[in-house]
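Peer 1: Below is a structure I'd like to ask you about.
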Amino acid sequence: MTSLLEARAIDKRFGGLQALSGVSLSIRKGEIYGLIGPNGAGKTSFFNALTGIHPPDAGVFLLDGAALPTERPQAVVARGIARTFQNIRLFRELNALENVMAARHRHTRAGLWSVLAGTRASRAEERACTEKAHALLDYVGIDRLAGSLAHSLSYGDQRRLEIARALATAPRLLALDEPAAGMNATETAALGELIRRIRADGVTVLLIEHDVNLVMGLCDRVAVLDFGRKIAEDVPAAVQRDQAVIDAYLGGGRHAA
Ligand SMILES: Nc1ncnc2c1ncn2[C@@H]1O[C@H](COP(=O)(O)OP(=O)(O)OP(=O)(O)O)[C@@H](O)[C@H]1O
């Protein structure tokens, strides 16, 4: 299997804190790849470096062998990387459909301004955009809630809406930051099925998750961060047996994932 995303020696520092130290990893096409580690290990910093929110100080990300312009977040999206956030970031006062359409508009040719100007081409594009947004809501299982305001949705449905928004940019790599946070066991199991389906439909998945059962049941391979360094990378069963990983989760008085 060839690699879709390669991280080479990624460093990220916040003031005196080294959040990421020389992190290298390679995610294969079609894989569900887990990124785990104790609280504060650097998982979200890795996502933020990848998606250009906090570009790396050193190192490079390669997508299909070409360097990602992490200093330009929109260009990273355009290259085919989409993400969700640990702290849900929806337009709270827009409904579910509008949230997906807003993400989709950034992706369409006409753009928001020509839609507002109401040209014929833009009206056709607007119709297509609405249909696509409904299809995405249906795909994640919440089209019945299309007209509901984002902030009125249950936590689990907000997380599904975030995934629909991310998929609206037609990514090749979907990066999910703790998608099961706040979900009950039934919702988590359903989320696992959705992630499997996303992969089956050709999207590679990078997953940060604290729910160990979900990670171990879902991921093809898992990397473990501790204090900003990668300490293990293997299939889930091997990672669970890895002594350095066990020590990281037990050590330091930090909250284990
Ligand atoms: N924007 C920032 N400014 C300053 N420090 C930051 C910033 N982002 C992350 N950090 C610090 O970098 C370290 C790694 O944090 P990060 O959020 O990446 O860890 P994490 O593994 O995602 O943790 P958690 O599981 O708790 O979400 C932490 O010490 C955190 O305080």
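Each residue of the sequence shown is one higher than the one before, starting from -7 at the first, in the working numbering. Idealized CB from N, CA, C, for every residue including glycine.
Near A33, which residues of its chain fall below 6 Å by C-beta distance, leaving aside the five closest residues on each side in sequence?
Peer 2: Walking along the sequence shown from the start, residue 33 turns up at place 41. Counting only Cβ-Cβ distances below 6 Å, and skipping sequence neighbours, we find L217, D218.
Peer 1: Sort R75, M93, A74 by Cα distance to F83 and report the nearest one.
Peer 2: Translated into positions along the sequence shown, residue 83 becomes position 91. For the residues R75, M93, A74, the minimum Cα distance to F83 belongs to M93.
Peer 1: Quick one: what does DSSP say S114 is sitting in, helix, strand or coil?
Peer 2: Here the question's residue 114 lines up with position 122 in the sequence shown. S114 falls in the helix class under three-state DSSP.
Peer 1: Indicate the three-state DSSP secondary structure (helix, strand or coil) for Q66 in the structure shown.
Peer 2: Here residue 66 refers to the residue found at position 74 of the sequence shown. If DSSP states are grouped into helix, strand and coil, Q66 belongs with the helices.
Peer 1: Is the beta carbon of E63 closer than 9 Å to that of G51?
Peer 2: One-based indexing of the sequence shown puts residue 51 at position 59. One-based indexing of the sequence shown puts residue 63 at position 71. The answer is no: Cβ separation not under 9 Å.
Peer 1: Please check the pair D203 and T180, which I expect to be a contact at CB under 8 Å, by giving their CB distance rounded to whole angstroms.
Peer 2: On the sequence shown, residue 203 is found 211 positions in, with the first residue counted as 1. On the sequence shown, residue 180 is found 188 positions in, with the first residue counted as 1. That belief holds up - the Cβ atoms of D203 and T180 are roughly 6 Å apart, short of 8 Å.
Peer 1: Are there any heavy atoms of ligand 1 lying less than 8 Å away from the beta-carbon of K35, as far as the coordinates show?
Peer 2: Within the sequence shown, numbered from 1, the residue matching residue 35 stands at position 43. Yes, ligand 1 has a heavy atom inside 8 Å of this Cβ.
Peer 1: Pick out whichever of T122, R213, E154, A95 has its Cα sitting closest to the Cα of D169.
Peer 2: Mapped onto the sequence shown, residue 169 falls at position 177. Comparing Cα-Cα distances from D169 to each of T122, R213, E154, A95, the minimum goes to E154.
Peer 1: Can you find the residues in the same chain that come closer than 6 Å, C-beta to C-beta, to R221, ignoring five residues on each side of it along the sequence?
Peer 2: Start at 1 with the first residue of the sequence shown, and residue 221 comes out as number 229. Cβ within range, chain order: S13.
Peer 1: Leaving out five residues before and five after T(-6) in sequence, what residues of the same chain have Cβ atoms less than 8 Å from its Cβ?
Peer 2: Residue -6 sits at position 2 when you count from the first residue of the sequence shown. Once the five neighbours on either side are set aside, the close Cβ partners of T(-6) are R20, K21.
Peer 1: Rounded to whole angstroms, what is the Cα-Cα separation between V132 and L242?
Peer 2: As a first step, residue 132 must be located in the sequence shown, where it is residue number 140. As a first step, residue 242 must be located in the sequence shown, where it is residue number 250. Those two C-alpha atoms are separated by around 36 Å.
Peer 1: Any idea what DSSP makes of D212, helix, strand or coil?
Peer 2: Counting from 1 along the sequence shown, the entry for residue 212 is found at position 220. It is coil, neither helix nor strand.
Peer 1: Assuming the contact rule is C-beta atoms closer than 8 Å, I80 and R191 should be a hit. Round their C-beta distance to whole Å, please.
Peer 2: Start at 1 with the first residue of the sequence shown, and residue 80 comes out as number 88. Start at 1 with the first residue of the sequence shown, and residue 191 comes out as number 199. About 22 Å; that fails the 8 Å criterion.
Peer 1: According to the Cβ coordinates, are L27 and I238 closer than 9 Å?
Peer 2: As a working note, residue 27 is residue 35 in the sequence shown. As a working note, residue 238 is residue 246 in the sequence shown. No; because the gap between Cβ atoms is not below 9 Å, this pair is not in contact.
Peer 1: If you measure from the CB of L217, is any heavy atom of ligand 1 nearer than 8 Å?
Peer 2: For this step, residue 217 is matched to residue 225 along the sequence shown. Within the cutoff, so yes.
Peer 1: What I want to know is whether the C-beta of G174 ends up closer than 8 Å to one or more non-hydrogen atoms of ligand 1.
Peer 2: Position 182 of the sequence shown, counted from the first residue, corresponds to residue 174. No.
Peer 1: May I have a chain-ordered list of the beta strand (DSSP E) segments no shorter than 3 residues that lie completely inside the stretch 17 to 74?
Peer 2: Listed in chain order, they are 24 to 28, 50 to 55.
Peer 1: Any heavy atom of ligand 1 within a distance shorter than 8 Å of the CB on F6?
Peer 2: The residue given as residue 6 occupies position 14 in the sequence shown. Yes, ligand 1 has a heavy atom inside 8 Å of this Cβ.
Peer 1: Output needed for A59: all residues of its chain with C-beta closer than 6 Å, excluding positions within five of it in sequence on either side, in chain order.
Peer 2: Taking the first residue of the sequence shown as position 1, residue 59 is located at position 67. Once the five neighbours on either side are set aside, the close Cβ partners of A59 are V52.
Peer 1: Quick one: Cα of L166 to Cα of G184, how far?
Peer 2: The residue given as residue 166 occupies position 174 in the sequence shown. The residue given as residue 184 occupies position 192 in the sequence shown. Near 14 Å, if we compare the C-alpha coordinates of G184 and L166.
Peer 1: For a quick check, are the C-beta atoms of G57 and E(-2) less than 9 Å apart?
Peer 2: Position 65 of the sequence shown, counted from the start, is the residue given in the question as residue 57. Position 6 of the sequence shown, counted from the start, is the residue given in the question as residue -2. Against a cut-off of 9 Å, the Cβ pair of E(-2) and G57 comes out as a contact.
Peer 1: Starting from I134, trace the alpha helix (DSSP H) both ways and give me its first and last residue.
Peer 2: Translated into the one-based positions of the sequence shown, residue 134 becomes position 142. Neither: I134 is in no alpha helix (DSSP H) and is coded neither H nor E.
Peer 1: Leaving out five residues on either side along the sequence, give the residues of the same chain with a beta carbon under 7 Å from the beta carbon of R71.
Peer 2: Locating residue 71 in the sequence shown gives position 79, where the first residue counts as 1. Counting only Cβ-Cβ distances below 7 Å, and skipping sequence neighbours, we find L55, L60.
Peer 1: Where do the N-terminal and C-terminal ends of the beta strand (DSSP E) with T196 fall, by residue?
Peer 2: Along the sequence shown, read from residue 1 onward, the residue named residue 196 stands at position 204. Unbroken beta strand (DSSP E) run through T196: 196 to 200.
Peer 1: Which residue marks the beginning of the alpha helix (DSSP H) containing A182, and which one marks its end?
Peer 2: Residue 182 sits at position 190 when you count from the first residue of the sequence shown. Its alpha helix (DSSP H) spans residues 177 to 192.
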